[in-house]
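A.B. asks: To start, I am sharing the structure in question, which I have written as structure tokens.
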Amino acid sequence: MISNLNFTAIDVETANRSISSICQVGAVRVIEGRVHSCFSTLVNPEARFSSFNTRIHGIGPMEVEESPTFDDIFFELFDWLGDSVVVSHTYFDRTALDGASRKYGLPIVPVTWLDSVAIARRAWPEKRANGGYSLGKLAADLGISFRHHDALEDARAAAAVVLYACLETGKDVGDWIAECGRHRVA
């Protein structure tokens, strides 16, 4: 029996190449290996949208016109995260959240981060030569269906990747933190 399967997976989408241009946030809290709750919101990035990004995620200026800005959701999001270990698929989401926090003069929240790619590389080293560790590739290999480039759906998929890795290896979240976690100190 794996004891610690508690964490929150998070994903963001951005309006353009600027890492701080978050236009959607999605998060999934996992408690005892099951999805417990979700957080999802569109965000007005107060920045232009590139056609490239809009083609990827389908979010444009009209979709976020009445949405809160990142500084409006910051405290709600990080209160919701609480003291959870936070999982993202690659460092992109962590960097985007840090960038948006800096843009609005907000603190960088001290959490322990886990990268689901780092976990996947250790759980399934053979996948490196077999198409890699993109979220889409891992999800297809593991039979996870999701709508890619929707922040909540991507967060669900990243959570599922971590749960599959835990079940397959017998390691829990604490073990993965010891192997590949990133700690933040306030």
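In our numbering, the protein residues as written are 56 to 241. Just so it is clear, CB atoms sit at the ideal spot from N, CA and C, and this is done for glycine as well.
By how many angstroms is the C-alpha of Trp179 removed from the C-alpha of Leu222?
C.D. replies: Computed Cα separation, rounded: 12 Å.
A.B. asks: Using the three-state DSSP reduction, which class does Leu190 fall into: helix, strand or coil?
C.D. replies: DSSP places Leu190 in the helix class (H, G or I) of the three-state scheme.
A.B. asks: Can you say whether Phe104 is buried or exposed, counting buried as having 16 or more other CB atoms within 10 angstroms of its CB?
C.D. replies: With 16 or more other Cβ atoms within 10 Å, it is buried.
A.B. asks: Less than 9 Å between the beta carbons of Val119 and Pro100, yes or no?
C.D. replies: yes
A.B. asks: Under the three-state reduction of DSSP, which class applies to Ala102: helix, strand or coil?
C.D. replies: coil
A.B. asks: Mapping the DSSP letters down to three states, classify Val142 as helix, strand or coil.
C.D. replies: strand
A.B. asks: For Asp126, which three-state DSSP category applies?
C.D. replies: helix
A.B. asks: What do you reckon, are the CB atoms on Ile128 and Val98 nearer than 9 Å?
C.D. replies: Yes, the Cβ-Cβ distance between Ile128 and Val98 is below 9 Å.
A.B. asks: When you compare each of Thr96, Ser189 and Thr69 to Ile174 by their alpha carbons, which one comes out closest?
C.D. replies: Ser189
A.B. asks: Report yes if the C-beta distance between Phe62 and Val142 is below 9 Å; otherwise report no.
C.D. replies: yes
A.B. asks: On the premise that Ala194 lies in contact with Val83, defined as a C-beta separation below 8 Å, what is that separation, rounded to the nearest angstrom?
C.D. replies: Approximately 14 Å separates the beta-carbon atoms of Val83 and Ala194; this is outside 8 Å, ruling out the contact.
A.B. asks: What number of angstroms, rounded off, separates the C-alpha of Asp66 from the C-alpha of Asp148?
C.D. replies: 6 Å
A.B. asks: Look at the alpha carbon of Pro116 and the alpha carbon of Glu87, and state the distance between them as a whole number of angstroms.
C.D. replies: 38 Å
A.B. asks: Can you give me the C-alpha to C-alpha distance between Val164 and Ser106, rounded to a whole angstrom?
C.D. replies: Their backbone Cα atoms lie some 31 Å apart in a straight line.
A.B. asks: Under a three-way DSSP split, which group does Trp231 fall into?
C.D. replies: helix
A.B. asks: Assign Asn185 to buried or exposed, taking buried as 16 or more other Cβ atoms, counted over all protein chains shown, within 10 Å of its Cβ.
C.D. replies: exposed
A.B. asks: Does the beta-carbon distance from Ile114 to Glu68 come in below 9 Å?
C.D. replies: yes
A.B. asks: Here's a check: name, in chain order, each residue in its chain whose Cβ is nearer than 6 Å to the Cβ of Lys192, leaving out the five neighbours to either side.
C.D. replies: Gly186.
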